[in-house]
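Only one structure is covered here, and it is reproduced in the block below.
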Amino acid sequence: MAVPKRRVSHARQGKRRSHHHLKPRQNTYCHRCGSAILPHYVCWNCGYYNIQGKEVVAVEEEEK
Ligand SMILES: [Zn+2]
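End of the sequence shown = 64 in my numbering, gap-free, step of one.
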């Protein structure tokens with residue numbers, strides 16, 4: 001609610017801002033290789049999507 005700045009007590013301001021925090025990023029672990037992945041994303045490490053899954057993205061070998 002629009003109110004002059006000085007009229008809002010610190011407690012009230014704090015209550016309003018109690019919802020301003022950020023949620024931590026959710027991550028899950030690849031069923032195939034166990035590396036941390038974002039949900040609904042293809043695994044960066046092995047290129048698989050889910051348990052039954054097939055290789056969705058071919059992973060290139062790293063060059064030495
Ligand atoms: Zn993987």
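C-beta: ideal position from N, C-alpha, C; glycine also.
If you're wondering where the values come from, they're calculated on a predicted model, not measured in any experiment.
- A straight line joining the alpha-carbon of residue 46 with that of residue 32 spans about 8 Å.
- Residue 16: member of the alpha helix (DSSP H) spanning 10 to 17, first to last residue.
- The alpha-carbon separation between residue 5 and residue 15 amounts to approximately 15 Å.
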